[in-house]
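Have a look at the structure below, then the notes.
There are 2 protein chains.
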Amino acid sequence: MTYDVVILGAGPGGSRAALEAAAAGLRVAIVDKGSFGGTCLNWGCIPTKLLLGGTAAHPLLEVQKKLKTAQGTIDFDLTALQARKTRFINGTRQALEKQLRQAGIEVITGTARLAGPGHVEVVDGEGTRELAARNVIVATGSVPASFPGLAPDGEAVLDSTALLDVTEVPDSLIIVGGGAIGLEMGDFFSRLGTAITIVEGLDRLAPTEDPEIGQTLGKLLKREGWAIHTGRRVASLSTVEGKAQLRFEDGTELVADKALMAVGRRPATAGLGLETAGATLLGAGWVETNDHLLAAPGLYAIGDVNGRTLLAHAADHQARFVISHIASGSASSASGYPAPVMPSCIYGHTEVMRAGATVAELVASGHDVHVSTSQLIANPIAQAYGTTGGFIRVLWVEGQVRGISAVGHGVSHLVTLATVIVSQRWRWEDVHGIIFAHPTLDEALEAALLAPSQKV
Amino acid sequence: MTYDVVILGAGPGGSRAALEAAAAGLRVAIVDKGSFGGTCLNWGCIPTKLLLGGTAAHPLLEVQKKLKTAQGTIDFDLTALQARKTRFINGTRQALEKQLRQAGIEVITGTARLAGPGHVEVVDGEGTRELAARNVIVATGSVPASFPGLAPDGEAVLDSTALLDVTEVPDSLIIVGGGAIGLEMGDFFSRLGTAITIVEGLDRLAPTEDPEIGQTLGKLLKREGWAIHTGRRVASLSTVEGKAQLRFEDGTELVADKALMAVGRRPATAGLGLETAGATLLGAGWVETNDHLLAAPGLYAIGDVNGRTLLAHAADHQARFVISHIASGSASSASGYPAPVMPSCIYGHTEVMRAGATVAELVASGHDVHVSTSQLIANPIAQAYGTTGGFIRVLWVEGQVRGISAVGHGVSHLVTLATVIVSQRWRWEDVHGIIFAHPTLDEALEAALLAPSQKV
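Written as structure tokens, this is what we have:
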């Protein structure tokens, strides 16, 4: 028997591909080691959101205490938070597996590797077998990256997966890496009383965003008591006498109860035999894909493994494209994978949001860029919460919106609205065609859209 | 000297009209008794949002206490919250007055009435004078409605304006009226420990929304400990021995420390002499307007007074239309005021949001309506906050979105996105063209858009 599609990995990309393929009447098998839902559900977006959501009252109370409008204390029970998180994740994982089976998908818990084009070798509790497939989709995702001298050791130096499961609140935490993972974990532990120190080799936090975003984010977190070291390179990070000890290249040291290594991720492609099916691996093992997300004839790579965008909703979107490509007979004349407007968020009390391009990306494409900005302090909802730091900026090319980014409390709520506006490349008159409800944080986006723009 | 435009009332509608008129090079005067910013800023949307925003930590903590993930107490200082609110409102009011003056607008603090077409009689500290105007815009707004036997007495029976200024937390509060004002005030005082009883003559809370919204809202608020009496008519409400005493028509009674009358609003048009300029007043004094928001030649009425939509952003939008109509020479051939997709929200811990039509409105227009729904419990962000009650529903006519409404925690964040979707009358394929970031509450809206729909 030959499957229409065999999928390696049941994260957001693989699961979506399987469900879409089954809905399209294709014969589908999906192989996963058992962590249905992938990094996002098990060790990524979802557990961090559960921990941040469950503790959201804390920073709001702290703001009011500073304003002297409230007194009080909140004591979180980390064990109970972890238990609730685990319950939710387990339930969702089981529900996903059930959904896959109920859709008529052959669900295999085991490991898989390619043994030539269209041949997938599966090892599970029942032994080894080979699946024949007209199409193979690699969706095995990524794992935390580490570097020599900085590797998590499971003692005081942890990766995000291990830190998500600690049951004792560290008094102090060093975070190496100023991206989403480090920032979100830092925010969570700061609410439990942990002293946070964050270290980023580049010159600012959130370094994939325009510089103004990361600079303001750093200022706001400093005000909340974080120690921030940007533009400093780490020479070593290890457990010394039970504590995490970080040494900078300039010889200075930091010591804390725990350290989190969160310096990016690498593709989970080792040992998959992708080369046997004609795939090319780049750099740390990223799968090279063409315009149709094909790594070789009949071999697609979606989600983190192709290195395009390491976000769950990007994998989901690529999955839909690939199944539609397969279902339509992989017509080579079909148009390639569209570069959609990609939303991204860093969650927490102080958030970062972007839809569309950065200034650097637009300039690199040869565009003249104009920027218009609104400050959150002018917005009544930001005032109402006492969370007035931050801003929203809009990037314009020839009078059309090409990127929207923001930093501040609650700005993740604007991300889909911003995605629609950038996708449709709104002009001024489009903004005037919509009534923005008053009072909303959305009005800060309206204000940014209507503010006078400056050439970058 | 003849003004191009004289505006009565400096609330959201009047102020916007003045600024737009000045920007268009018109000669403008605006007359207000002194409460620049109107009801919205001084006694409406803004003070309620400041009180709700400042106390938002409380219900979030209560949720976690029920989940046994947190312990703690928060004590709000009502005097300090009131002081912060007053400071912000005063500052914003002064900033608005300054902005009007700096735009070259003649700003008059006083009372005004019409004395025939194009003649406005103004009384201020310097006496009485008459202004000649090519166009007059009435934007005097509305005031809380009251009824015989139920009138606020300033003792235990208060209107929303008076309740917004109390400095002692009542142990118990009866709210008459299940609309936005009553619900928001109830939410605020419940956070301070006040026991809330809400009374609504119609069969559900939020009675301007589809029945399912108000029914679910009632269930969620009951779970939070509110006593809810719907479908019961009030015979009398008065202060008896310092307490508020409510008697239902069936003879049963309720007693509480305070009562809030929040049963709607009436237009502030008494004594304005509108009839002298040819206007027709309807019902409680609403100004009848034509397709161009004209009450008579050269006399416009915008905002609450025309009774179309009692919302600040509706007044703002009407102001822009009217000034554009005046600036273009009031060409009678110009198209009339468009019926824009109107967003509305009820704010608080459990919110209500709508953009576009209700089922009843669509059915009344002769449409076949289909409804698709998603429950918030399936959304990971709702799960993260432990606020899983509520849902989002989408109304479809011939495959196009015509209305979106929602009830639950955080749903006000979706209102502008919903407004855009309804304005553009999205179809299924439009939803697929946008990547919804994961995880966001926005995905619950995506799920509602993509859910199978049922004929109403």
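In order, the protein sequence lines correspond to chains A and B. Letter 180 of the first sequence, counting from 1, is numbered 180 in our numbering, and no numbers are missing. In short: position in the second sequence from 1, add 1000, done, that's our numbering. Each residue gets a CB set at the ideal place from its N, CA and C atoms; glycine is no exception.
If I follow the unbroken beta strand (DSSP E) through residue i, where does it start and stop?
| i | result |
| --- | --- |
| residue 1320 (chain B) | It is not in any beta strand (DSSP E) - residue 1320 (chain B) instead sits in the alpha helix (DSSP H) that spans 1312–1327. |
| residue 215 (chain A) | Premise fails: residue 215 (chain A) lies in the alpha helix (DSSP H), 211–223, not in any beta strand (DSSP E). |
| residue 337 (chain A) | Counting along the chain, residue 337 (chain A) falls outside any beta strand (DSSP E), and DSSP gives it neither H nor E. |
| residue 295 (chain A) | 294–296 |
| residue 128 (chain A) | 127–138 |
| residue 421 (chain A) | Where residue 421 (chain A) is concerned, there is no enclosing beta strand (DSSP E), although the alpha helix (DSSP H) it sits in stretches over 415–423. |
| residue 1166 (chain B) | First-last for residue 1166 (chain B): undefined, no H or E at that position. |
| residue 8 (chain A) | 2–8 |
| residue 1300 (chain B) | 1299–1301 |
| residue 1106 (chain B) | 1106–1109 |
| residue 230 (chain A) | 227–230 |
| residue 1031 (chain B) | 1028–1032 |
Quickly, what does DSSP pair residue i with across the bridge? List them, please.
| i | result |
| --- | --- |
| residue 1392 (chain B) | B:1374 and B:1406 |
| residue 266 (chain A) | A:143 |
| residue 1261 (chain B) | B:1159 and B:1176 |
| residue 49 (chain A) | Per DSSP, none; premise fails for residue 49 (chain A). |
| residue 195 (chain A) | A:172 |
| residue 1238 (chain B) | B:1245 |
| residue 454 (chain A) | A:371 |
| residue 357 (chain A) | None; residue 357 (chain A) has no bridge partner. |
| residue 383 (chain A) | In DSSP, residue 383 (chain A) forms no bridge with anything. |
| residue 1254 (chain B) | B:1246 |
| residue 1346 (chain B) | B:1352 |
| residue 1072 (chain B) | A:74 |
At 8 Å on the CB atoms, spell out the chain C contacts of residue i, in chain order.
| i | result |
| --- | --- |
| residue 1391 (chain B) | Reference to chain C is not applicable here, since the protein chains of this structure are A and B. |
If residue i sits next to residue j, beta carbons under 8 Å apart, how far is it from one beta carbon to the other, in whole angstroms?
| i | j | result |
| --- | --- | --- |
| residue 963 (chain B) | residue 1250 (chain B) | There is simply no residue 963 (chain B) to check, as chain B begins at 1001 and stops at 1456 in what is shown. |
| residue 1036 (chain B) | residue 1093 (chain B) | 5 Å |
| residue 267 (chain A) | residue 285 (chain A) | 5 Å |
| residue 1264 (chain B) | residue 1177 (chain B) | 7 Å |
| residue 300 (chain A) | residue 107 (chain A) | Not confirmed; about 19 Å, so no contact. |
| residue 1144 (chain B) | residue 1261 (chain B) | 7 Å |
| residue 413 (chain A) | residue 387 (chain A) | Not really, about 12 Å apart at Cβ, beyond 8 Å. |
| residue 1448 (chain B) | residue 1344 (chain B) | Going by Cβ atoms, the distance from residue 1448 (chain B) to residue 1344 (chain B) rounds to 18 Å, so no, they are not a contact pair. |
| residue 362 (chain A) | residue 402 (chain A) | 6 Å |
| residue 280 (chain A) | residue 288 (chain A) | 4 Å |
May I ask which residues mark the beginning and end of the alpha helix (DSSP H) holding residue i?
| i | result |
| --- | --- |
| residue 185 (chain A) | 180–191 |
| residue 1086 (chain B) | 1078–1102 |
| residue 23 (chain A) | 12–23 |
| residue 1154 (chain B) | Element bounds for residue 1154 (chain B): n/a, residue is neither H nor E. |
| residue 1445 (chain B) | 1442–1450 |
| residue 61 (chain A) | 57–66 |
| residue 438 (chain A) | Unbroken run through residue 438 (chain A): none, as it is neither H nor E. |
| residue 275 (chain A) | Note, residue 275 (chain A): premise wrong, no alpha helix (DSSP H); not H, not E. |
| residue 411 (chain A) | Careful: residue 411 (chain A) lies outside any alpha helix (DSSP H) and carries neither H nor E. |
Measure from the alpha carbon of residue i to the alpha carbon of each residue in the options, then state which is nearest.
| i | options | result |
| --- | --- | --- |
| residue 1031 (chain B) | B:1007, B:1047 and B:1013 | B:1007 |
| residue 1236 (chain B) | B:1037, B:1337 and B:1146 | B:1146 |
| residue 38 (chain A) | A:445, A:152 and A:14 | A:14 |
| residue 182 (chain A) | A:341, A:335, A:29 and A:348 | A:348 |
| residue 245 (chain A) | A:173, A:218 and A:42 | A:173 |
| residue 406 (chain A) | A:149, A:323, A:392 and A:217 | A:392 |
| residue 1164 (chain B) | B:1423, B:1302 and B:1041 | B:1041 |
| residue 204 (chain A) | A:195, A:214, A:451 and A:197 | A:214 |
| residue 79 (chain A) | A:192, A:356, A:26 and A:21 | A:192 |
| residue 430 (chain A) | A:400, A:74 and A:324 | A:400 |
| residue 1077 (chain B) | A:81, A:76, A:72 and A:77 | A:72 |
| residue 1011 (chain B) | B:1034, B:1002, B:1023 and B:1005 | B:1034 |
| residue 1170 (chain B) | B:1225, B:1194 and B:1351 | B:1194 |
| residue 201 (chain A) | A:247, A:160 and A:166 | A:247 |
Exercise for review: Examine the Cβ distances between the stretch 1056–1075 of chain B and the stretch 1084–1091 of chain B and report whether three or more of them are shorter than 8 Å.
Suggested key: In short, these stretches do not touch, since the Cβ pair count stays below three.
**Study point:** Segment contact flag, the stretch 109–124 of chain A with the stretch 1111–1118 of chain B, C-beta cutoff 8 Å, min 3 pairs
**Key:** Output reads no: the stretch 1111–1118 of chain B does not touch the stretch 109–124 of chain A.
Check your understanding: Is it true that the stretch 414–429 of chain A meets the stretch 364–378 of chain A, where meeting means three or more beta-carbon pairs spaced less than 8 Å apart?
Key -> Taking 8 Å as the limit for Cβ pairs, the verdict is that the stretch 364–378 of chain A does not touch the stretch 414–429 of chain A.
Check your understanding: Is it a yes or a no for the stretch 1289–1300 of chain B touching the stretch 1197–1212 of chain B, going by three-plus beta-carbon pairs under 8 Å?
Key -> Contact between the stretch 1289–1300 of chain B and the stretch 1197–1212 of chain B is absent, because fewer than three Cβ pairs lie under 8 Å.
**Study point:** contact_flag[the stretch 184–195 of chain A, the stretch 43–51 of chain A] where n(CB pairs < 8 Å) is 3 or more
**Key:** Remark: three or more beta-carbon pairs, one from each stretch, lie closer than 8 Å, so the stretch 184–195 of chain A and the stretch 43–51 of chain A are flagged as touching.
Exercise for review: Count the C-beta pairs between the stretch 1156–1170 of chain B and the stretch 1252–1263 of chain B that are closer than 8 Å, then say yes if the count reaches three, no if not.
Suggested key: Between the stretch 1156–1170 of chain B and the stretch 1252–1263 of chain B, the count of Cβ pairs shorter than 8 Å is three or higher; the stretches touch.
Practice item. Mind the definition here: the stretch 316–326 of chain A touches the stretch 377–385 of chain A only if three or more C-beta pairs lie below 8 Å; say whether that holds. Key: Because the criterion of three Cβ pairs below 8 Å is not met, the stretch 316–326 of chain A and the stretch 377–385 of chain A do not touch.
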